[in-house]
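Peer 1: Here it is, the structure, as C-alpha coordinates.
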Amino acid sequence: MSPPSLWDQQHPVPAGHLPPRDLHPRPEVRAHPAGHHRPRAEELPQQRGGADERCPGGGMEAQGRCLGSAPPLTVPGLLLSEWLCKCLVQRLVVVISSIESNEVLERWQFDIECDKTAKDETVPREKSQKAIQDEIRSVIRQITATVTFLPLLETACAFDLLIYTDKDMAVPEKWEESGPQFIANSEEVRLRSFTTTIHKVNSMVAYKKDSFP
(Lines of atoms letter the chains of each structure in order from A and count residues from 1; the text may use other names and numbers.)
(Lines give C-alpha, C1' and ligand atoms only; values in the text may rest on other atoms or scores of the structure.)
Protein backbone atom coordinates (compact mmCIF):
# COMPACT_ATOMS: atom_id res chain seq x y z
CA MET A 1 0.00 0.00 0.00
CA SER A 2 1.32 3.45 -0.93
CA PRO A 3 2.17 5.87 1.89
CA PRO A 4 -0.09 8.91 2.22
CA SER A 5 0.61 11.74 -0.19
CA LEU A 6 0.90 15.22 1.22
CA TRP A 7 1.00 18.19 -1.11
CA ASP A 8 -0.65 18.66 -4.46
CA GLN A 9 -0.77 21.75 -6.58
CA GLN A 10 -1.44 22.53 -10.24
CA HIS A 11 0.37 24.58 -12.87
CA PRO A 12 -0.23 24.76 -16.62
CA VAL A 13 1.88 23.23 -19.39
CA PRO A 14 1.50 24.64 -22.92
CA ALA A 15 0.45 22.18 -25.64
CA GLY A 16 3.47 20.24 -26.87
CA HIS A 17 5.80 18.37 -24.51
CA LEU A 18 8.14 20.23 -22.19
CA PRO A 19 10.54 18.72 -19.64
CA PRO A 20 9.22 19.14 -16.05
CA ARG A 21 11.72 21.86 -15.19
CA ASP A 22 10.26 24.07 -17.95
CA LEU A 23 6.63 23.95 -16.78
CA HIS A 24 4.83 27.29 -16.54
CA PRO A 25 2.82 28.59 -13.56
CA ARG A 26 -0.80 29.69 -13.85
CA PRO A 27 -2.55 32.41 -11.81
CA GLU A 28 -4.93 30.11 -9.92
CA VAL A 29 -3.50 27.68 -7.38
CA ARG A 30 -5.15 24.52 -6.13
CA ALA A 31 -3.48 23.08 -3.21
CA HIS A 32 -3.68 19.50 -0.92
CA PRO A 33 -2.45 17.20 3.44
CA ALA A 34 -3.92 13.87 5.46
CA GLY A 35 -3.31 11.23 3.01
CA HIS A 36 -2.48 13.98 0.53
CA HIS A 37 -2.84 17.76 1.30
CA ARG A 38 -2.71 21.41 -0.04
CA PRO A 39 -3.19 25.23 1.05
CA ARG A 40 -6.21 27.09 -0.36
CA ALA A 41 -5.73 29.49 -3.27
CA GLU A 42 -7.19 32.51 -1.47
CA GLU A 43 -4.64 32.10 1.34
CA LEU A 44 -1.58 32.10 -0.93
CA PRO A 45 0.28 35.03 -2.53
CA GLN A 46 -0.98 35.82 -6.03
CA GLN A 47 0.95 34.08 -8.82
CA ARG A 48 2.07 35.47 -12.10
CA GLY A 49 0.86 33.81 -15.27
CA GLY A 50 1.66 33.89 -18.97
CA ALA A 51 3.60 31.88 -21.50
CA ASP A 52 6.81 33.88 -21.15
CA GLU A 53 7.14 33.64 -17.37
CA ARG A 54 9.19 30.72 -16.04
CA CYS A 55 9.92 29.62 -12.51
CA PRO A 56 13.36 30.90 -11.45
CA GLY A 57 16.15 28.43 -10.88
CA GLY A 58 16.55 25.10 -12.63
CA GLY A 59 16.69 21.36 -12.18
CA MET A 60 14.65 19.71 -9.44
CA GLU A 61 14.10 22.92 -7.42
CA ALA A 62 12.13 24.50 -10.26
CA GLN A 63 9.45 21.84 -9.84
CA GLY A 64 8.21 23.92 -6.88
CA ARG A 65 5.64 26.68 -7.04
CA CYS A 66 6.60 30.01 -8.58
CA LEU A 67 5.10 32.82 -6.48
CA GLY A 68 5.69 36.13 -8.24
CA SER A 69 9.42 36.84 -8.32
CA ALA A 70 10.11 34.80 -5.18
CA PRO A 71 12.77 32.04 -5.31
CA PRO A 72 11.58 28.52 -6.23
CA LEU A 73 11.63 27.27 -2.63
CA THR A 74 8.64 29.26 -1.35
CA VAL A 75 5.91 28.31 1.13
CA PRO A 76 5.36 24.58 0.32
CA GLY A 77 8.94 24.32 -0.95
CA LEU A 78 10.33 25.42 2.40
CA LEU A 79 8.17 22.78 4.09
CA LEU A 80 9.49 20.15 1.67
CA SER A 81 13.08 21.14 2.43
CA GLU A 82 12.39 20.87 6.17
CA TRP A 83 10.64 17.49 5.78
CA LEU A 84 13.53 16.12 3.72
CA CYS A 85 16.03 17.19 6.39
CA LYS A 86 13.92 15.44 9.03
CA CYS A 87 13.61 12.27 6.90
CA LEU A 88 9.80 12.56 6.75
CA VAL A 89 9.39 12.32 2.96
CA GLN A 90 9.00 8.90 1.33
CA ARG A 91 8.04 9.87 -2.20
CA LEU A 92 7.72 12.90 -4.48
CA VAL A 93 5.44 12.64 -7.53
CA VAL A 94 4.88 15.10 -10.40
CA VAL A 95 1.62 14.36 -12.24
CA ILE A 96 0.92 15.96 -15.64
CA SER A 97 -2.74 15.92 -16.67
CA SER A 98 -5.05 17.44 -19.28
CA ILE A 99 -6.74 20.62 -18.05
CA GLU A 100 -9.79 19.91 -20.22
CA SER A 101 -10.40 16.25 -19.28
CA ASN A 102 -8.30 15.85 -16.08
CA GLU A 103 -6.84 12.69 -17.66
CA VAL A 104 -3.38 11.86 -16.28
CA LEU A 105 -0.82 11.73 -19.13
CA GLU A 106 2.54 11.52 -17.33
CA ARG A 107 3.57 10.59 -13.79
CA TRP A 108 7.12 11.30 -12.59
CA GLN A 109 7.91 9.43 -9.38
CA PHE A 110 10.91 9.90 -7.08
CA ASP A 111 11.12 7.32 -4.28
CA ILE A 112 13.19 8.54 -1.33
CA GLU A 113 14.92 6.10 1.01
CA CYS A 114 16.21 7.78 4.15
CA ASP A 115 18.66 6.33 6.67
CA LYS A 116 17.44 7.95 9.88
CA THR A 117 20.30 6.43 11.89
CA ALA A 118 22.82 8.58 10.00
CA LYS A 119 21.78 11.69 11.95
CA ASP A 120 22.64 9.98 15.25
CA GLU A 121 26.14 8.88 14.27
CA THR A 122 29.00 10.71 15.99
CA VAL A 123 31.27 10.51 12.93
CA PRO A 124 29.68 12.09 9.83
CA ARG A 125 29.52 9.91 6.72
CA GLU A 126 31.67 11.04 3.84
CA LYS A 127 30.59 11.65 0.26
CA SER A 128 31.90 14.64 -1.62
CA GLN A 129 29.53 17.37 -2.73
CA LYS A 130 30.95 17.05 -6.24
CA ALA A 131 30.06 13.33 -6.39
CA ILE A 132 26.51 14.05 -5.22
CA GLN A 133 26.08 16.91 -7.69
CA ASP A 134 27.44 14.81 -10.55
CA GLU A 135 24.86 12.10 -9.82
CA ILE A 136 22.04 14.66 -9.67
CA ARG A 137 23.17 16.24 -12.96
CA SER A 138 23.14 12.80 -14.55
CA VAL A 139 19.52 12.28 -13.47
CA ILE A 140 18.51 15.73 -14.74
CA ARG A 141 20.16 15.07 -18.12
CA GLN A 142 18.27 11.78 -18.37
CA ILE A 143 14.98 13.50 -17.49
CA THR A 144 15.60 16.11 -20.18
CA ALA A 145 16.37 13.37 -22.72
CA THR A 146 12.99 11.69 -22.16
CA VAL A 147 11.48 14.14 -24.67
CA THR A 148 12.85 11.77 -27.34
CA PHE A 149 10.42 8.99 -26.43
CA LEU A 150 7.56 10.52 -24.42
CA PRO A 151 4.35 11.06 -26.43
CA LEU A 152 3.70 14.64 -27.52
CA LEU A 153 1.27 16.48 -25.26
CA GLU A 154 -1.23 17.90 -27.72
CA THR A 155 -3.50 19.59 -25.20
CA ALA A 156 -3.07 22.25 -22.54
CA CYS A 157 -1.94 20.55 -19.33
CA ALA A 158 -1.36 21.20 -15.64
CA PHE A 159 0.88 19.44 -13.16
CA ASP A 160 0.27 18.32 -9.59
CA LEU A 161 3.07 17.90 -7.07
CA LEU A 162 2.35 15.14 -4.53
CA ILE A 163 4.45 14.61 -1.41
CA TYR A 164 4.15 11.29 0.44
CA THR A 165 5.14 11.50 4.11
CA ASP A 166 5.28 9.37 7.25
CA LYS A 167 1.78 8.57 8.55
CA ASP A 168 2.45 10.02 12.00
CA MET A 169 3.56 13.40 10.67
CA ALA A 170 1.52 16.40 11.81
CA VAL A 171 -0.54 17.77 8.92
CA PRO A 172 -0.29 21.52 8.19
CA GLU A 173 -3.53 23.42 8.71
CA LYS A 174 -5.99 24.09 5.88
CA TRP A 175 -4.68 21.41 3.53
CA GLU A 176 -6.87 18.86 1.76
CA GLU A 177 -6.41 15.27 0.58
CA SER A 178 -5.57 14.08 -2.93
CA GLY A 179 -5.48 10.67 -4.62
CA PRO A 180 -2.34 9.05 -6.10
CA GLN A 181 -3.44 9.87 -9.70
CA PHE A 182 -2.19 6.71 -11.39
CA ILE A 183 -2.26 6.26 -15.18
CA ALA A 184 -4.44 3.53 -16.65
CA ASN A 185 -2.78 1.48 -19.42
CA SER A 186 0.66 3.03 -18.88
CA GLU A 187 4.25 2.42 -19.93
CA GLU A 188 6.97 2.81 -17.27
CA VAL A 189 10.64 3.70 -17.66
CA ARG A 190 13.13 3.49 -14.79
CA LEU A 191 15.60 6.35 -14.56
CA ARG A 192 18.90 6.65 -12.72
CA SER A 193 19.24 7.06 -8.98
CA PHE A 194 21.46 9.21 -6.81
CA THR A 195 22.56 9.09 -3.18
CA THR A 196 23.67 11.51 -0.50
CA THR A 197 25.06 10.62 2.91
CA ILE A 198 21.47 10.17 4.15
CA HIS A 199 19.10 9.83 1.18
CA LYS A 200 18.83 7.53 -1.82
CA VAL A 201 16.49 8.68 -4.60
CA ASN A 202 15.15 6.28 -7.25
CA SER A 203 13.25 7.78 -10.16
CA MET A 204 10.87 6.62 -12.88
CA VAL A 205 8.35 8.04 -15.35
CA ALA A 206 5.04 6.48 -16.35
CA TYR A 207 3.16 7.74 -19.39
CA LYS A 208 -0.06 6.93 -21.19
CA LYS A 209 0.36 4.55 -24.12
CA ASP A 210 -0.54 5.85 -27.56
CA SER A 211 -3.85 4.35 -28.68
CA PHE A 212 -4.01 3.08 -32.21
CA PRO A 213 -7.27 2.42 -34.11
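Under the UniProt record's numbering, the first residue of the sequence shown is numbered 1, with each subsequent residue one higher.
Just so you know, even glycine gets a beta-carbon here, dropped at the ideal spot from N, CA and C.
Computed from a prediction, not measured in an experiment: that's the story for all the values here.
Under a three-way DSSP split, which group does Thr148 fall into?
Peer 2: Here Thr148 sits in helix by DSSP.
Peer 1: With a threshold of 8 Å, are at least 3 pairs of Cβ atoms found where one atom belongs to the segment 161 to 173 and the other to the segment 190 to 202?
Peer 2: The segment 161 to 173 vs the segment 190 to 202: no contact.
Peer 1: State the DSSP-derived secondary structure class of Lys116, mapped to helix, strand or coil.
Peer 2: Note: Lys116 maps to helix in three-state DSSP.
Peer 1: Between the Cα of Val89 and the Cα atoms of Ile99, Gln109, Asn102 and Leu105, which residue gives the shortest distance?
Peer 2: Val89 has its Cα closest to that of Gln109, out of Ile99, Gln109, Asn102 and Leu105.
Peer 1: Helix, strand or coil: which one does DSSP assign to Lys127?
Peer 2: In the structure shown, Lys127 sits in coil (DSSP, three-state: anything other than H, G, I, E or B).
Peer 1: How long is the line joining the alpha carbons of His199 and Ile112, rounded to whole angstroms?
Peer 2: So the alpha carbons of these two residues sit roughly 7 Å apart.
Peer 1: Would you report the Cα separation of Trp83 and Lys208, rounded to the nearest angstrom?
Peer 2: Approximately 31 Å between the Cα atoms of the pair.
Peer 1: At a threshold of 6 Å, does Thr148 count as lining the ligand NAD (C-beta to nearest heavy atom)?
Peer 2: Of the ligands one can find in the structure shown there are none, so the ligand NAD has no counterpart to examine.
Peer 1: In this structure, what does DSSP give as the bridge partners for Ala206?
Peer 2: Arg107 and Glu188.
Peer 1: Please name the residue in Gln133, Ile99, Ile163 and Thr148 whose C-alpha comes closest to that of residue 234.
Peer 2: As displayed, the chain neither begins before 1 nor continues past 213, which places residue 234 out of reach and without an answer.
Peer 1: Have a look at Pro151, Arg141, Leu80 and Arg137 and flag the residue whose alpha-carbon is nearest the alpha-carbon of Ile96.
Peer 2: The option with the nearest alpha carbon to Ile96 is Pro151.
Peer 1: Please list, in chain order, all residues of the same chain as Ile183 whose beta carbon is under 8 Å from its beta carbon, the five residues on each side excluded.
Peer 2: The residues are Val104, Leu105, Glu106, Arg107, Ala206, Tyr207 and Lys208.
Peer 1: Could you give the distance in angstroms between the alpha-carbon of Asn185 and the alpha-carbon of Asn202?
Peer 2: Rounded to the nearest angstrom, the two C-alpha atoms are 22 Å apart.
Peer 1: How many angstroms separate the CA atom of Asp115 from the CA atom of Phe159?
Peer 2: Their backbone Cα atoms lie some 30 Å apart in a straight line.
Peer 1: Could you check what DSSP says for Ser193 in three-state terms: helix, strand or coil?
Peer 2: Reduced to three states, the DSSP call for Ser193 is strand.
Peer 1: Candidates Glu100, Arg91 and Lys86: which alpha carbon is nearest Leu153's?
Peer 2: It is Glu100 whose Cα lies nearest to the Cα of Leu153.
Peer 1: For Asp210, which residues from the same chain have a beta carbon less than 6 Å from its beta carbon, with the 5 sequence-adjacent residues on both sides left out?
Peer 2: Closer than 6 Å at the Cβ level, and outside the excluded window around Asp210, lie Pro151.
Peer 1: On a CA-only basis, which of Thr144, Leu161 and Lys127 is nearest Gln181? Give me that one, please.
Peer 2: That would be Leu161, whose Cα lies nearest to the Cα of Gln181.
Peer 1: So, helix, strand or coil for Leu88, using DSSP?
Peer 2: Three-state result, Leu88: coil.
Peer 1: Using a Cβ-Cβ cut-off of 8 Å (strictly less than) and excluding sequence neighbours within five positions of Ala118, which residues of its own chain qualify?
Peer 2: Excluding sequence neighbours, Ala118 sits near Arg125, Thr197 and Ile198.
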